[in-house]
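Numbering (our numbering), first residue to last: 611 to 1204.
Ideal placement from N, C-alpha and C gives every residue a C-beta, glycine not left out.
Data block below; observations after.
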């Protein structure tokens, strides 16, 4: 029996969640969006079903159970109330019941309910059909949850069946892997695992699991590679090999009907992730149902979008994207696939030149916004990299491509573009000529975002090490900073010549080289004295120069990121603070008045 639909009430992250499932589903969404909670809910359903079905006169009957927290091993928690949404087990003097309702493909509907009374879990099961055949089918149903892979034990003792079952029920599969493999060998199914491993690791010749009840304390698990004379212990193998043993050794021994994977691709490189997806699809072809949560670009981009389930605040939604458009954007390196669900849900995309610019901008946002506003903004806002200055590219076309990618009806997708000025000599005219339909712009008044790091107070703070015996000469530091900025004036002049030449081509003017040089020189003469921090070459000359100077003074080094983190919000200035607030409002985040 495969699951068609699940309905969840009052369980951890979800006060209410409904999700329609397919034989293969990839769960995507940001961290803490509820992907693992959905998987755990189905594991809890399986726990409830098998605890409430009991034998009677050769048949089966449904019985409610009272279970202590120690025996409620399916979901580890420090306190029983942690399983309830907002940790509230009562509302208006009534018990709040956790409900996991499952509709199967054969139209059977079964509900597991969890109550908390006197610090014990009351577990009950209701079925739309309680015929002997139906109850027997439920008893044979096996839903297995595999948490994120942990490395094997260096030595694993032979354990009793009861201890193995307890470890599996508590999600500690890695602690009994060798026991599982030994049982797999005894059941004459070791070849099933070997077939999987050979498909993925062609150099693998054999795997050997050995244990002598009379003489051995630990189970021996070794592998032999083609062309090598000796076997190696599995603990010496790479984590990728171990992970496939962990996943498929468990599956081929336990033979679950439905398998729940929490980030099965963690620790795997791109080629192994591709191989993993192929093996999961084989399991589906064999009649199993697979649900897996992932953040992996490789996994998401290789799966059909109709098999992607987006988990977000609003619930679970089938991802509906035009992946031919997405592929084009992805090939340009513009999009992180983990943000696809965010784009579909909120239709708000921030465009910056590259990851470095986003890193600095995100630090500015964290410093200037209230913590809850910054957290909410990250959840609602997708980030796209232009891989070049955005105002020199067709952002209207990019917005149209992103809009096409969202294959469902709804509000128009909006862009907020943050771009370097790049020595454009006329900031107001630059802004006036940019497309404004569903696009908001901020072009920095300084030539690049790194020019906002040219703050001597921030450099002093980032270099201050209480344990250091060296004293930083702040007067000398300021003088060196001024010297480096002045030294970069010639570079600024060359960049302005290039900027005026770009403007000439756009305006159709016929300025010769002498005219371009004169315009650049006149611009610097008019603006350098009061705007040298804005016009200096921070990226290539000033910041690298001050780092070399500090190193020469035996003060060590700092990164651009650490310098940004050392800046006080008041030193960032009103422009940076207003950009961060505008971004938050663009993302739909409410802000307190300033």
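Return the bridge partner residues of residue 924 from the DSSP annotation.
DSSP, once it has assigned bridges, lists no residue as partnering residue 924.
Can you find at least 3 beta carbon pairs, one from the stretch 916-928 and one from the stretch 880-897, that sit closer than 8 Å?
With a cut-off of 8 Å, the stretch 880-897 and the stretch 916-928 do not count as touching, because too few Cβ pairs lie within range.
Separation of residue 911 from residue 1033, as counted between CA atoms
Straight-line Cα distance between these residues: approximately 38 Å.
Could you pull the DSSP bridge partners for residue 818 from this structure?
In DSSP, residue 818 forms a bridge with 832.
Cutting at 6 Å between CB atoms, please list the residues of its own chain near residue 1199, excluding the five before and the five after it.
So the list reads 983, 986 and 987, once near-sequence residues are dropped.
Since residue 871 is in the beta strand (DSSP E), which residue starts that stretch and which ends it?
For residue 871, the enclosing beta strand (DSSP E) begins and ends at 868-872.
Output needed for residue 1135: all residues of its chain with C-beta closer than 7 Å, excluding positions within five of it in sequence on either side, in chain order.
No residues qualify anywhere along the chain.
Considering only C-alpha positions, which residue in the set 813, 716 and 954 is nearest to residue 847?
It is 813 whose Cα lies nearest to the Cα of residue 847.
Taking the continuous beta strand (DSSP E) assigned at residue 620, which residues delimit it?
First-last of the beta strand (DSSP E) with residue 620: 613-621.
Have a look at residue 1076 and residue 1082 and give me their C-alpha separation to the nearest angstrom.
Confidence is the limiting factor: at residue 1076 the pLDDT is only 47, short of 50, which leaves the residue's position unreliable, though a coordinate-based value still follows. The C-alpha of residue 1076 lies about 12 Å from the C-alpha of residue 1082.
Residue 715 versus residue 875: straight-line alpha-carbon distance, rounded
Taking the CA atoms as reference points, residue 715 sits about 28 Å from residue 875.
How is residue 694 classed by DSSP in three states: helix, strand or coil?
Strand at residue 694.
Quick check on the burial criterion: 16 or more other C-beta atoms within 10 angstroms. Buried or exposed for residue 843?
Exposed is the call here.
Proximity below 8 Å, CB of residue 1123 to CB of residue 1035
Contact flag unset, no.
Give me, in chain order, the residues of the same chain whose beta-carbon lies closer than 7 Å to that of residue 1138; leave out the 5 immediate sequence neighbours on both sides.
Cβ within range, chain order: 1099 and 1145.
Report yes if the C-beta of residue 780 is less than 7 Å from at least one heavy atom of the ligand ZN; otherwise report no.
Absence of the ligand ZN from the depicted structure is noted, as is the absence of any ligand whatsoever, leaving it without description.
Strand pairing of residue 727, partner residues [DSSP]:
Bridge partners of residue 727: 730.
Span separating the alpha-carbon of residue 727 from that of residue 1180:
Looking at the backbone, the Cα of residue 727 and that of residue 1180 are separated by about 53 Å.
Quick check on the burial criterion: 16 or more other C-beta atoms within 10 angstroms. Buried or exposed for residue 1201?
Under a 10 Å Cβ-count criterion, residue 1201 is classified as exposed, with fewer than 16 other Cβ atoms of the shown protein chains found around its own Cβ.
By alpha-carbon positions, which one of 615, 663, 990 and 764 ends up nearest to residue 630?
In this structure, 615 is the residue among 615, 663, 990 and 764 with its C-alpha nearest to the C-alpha of residue 630.
Starting from residue 754, follow its DSSP beta bridges and name the residues at the other end.
Residue 754 is bridged to 869.
For a test of the three-state rule: what should DSSP assign to residue 1054, helix, strand or coil?
If DSSP states are grouped into helix, strand and coil, residue 1054 belongs with coil.
Out of 849, 817, 785 and 811, point me to the one whose CA is closest to residue 551's CA.
With the chain covering 611 to 1204 only, the question about residue 551 has no answer from this structure.
Spatial distance of residue 1105 from residue 966 (CA atoms):
A straight-line Cα-Cα distance of about 21 Å links residue 1105 and residue 966.
Exposed or buried, which one is residue 1000 when buried takes at least 16 other CB atoms within 10 Å?
Counting the other CB atoms within 10 Å of its CB gives residue 1000 a total of 16 or more, which places it among the buried residues.
Where residue 811 sits in the DSSP three-state scheme:
Residue 811: coil per DSSP, three-state reduction.
Could you tell me whether the Cβ of residue 1092 comes closer than 8 Å to any Cβ of chain D?
Here chain D cannot be found, since the structure has a single protein chain.
Beta-carbon spacing of residue 969, residue 1191 below 8 Å:
Here residue 969 is not near residue 1191, since their CB atoms are 8 Å or more apart.
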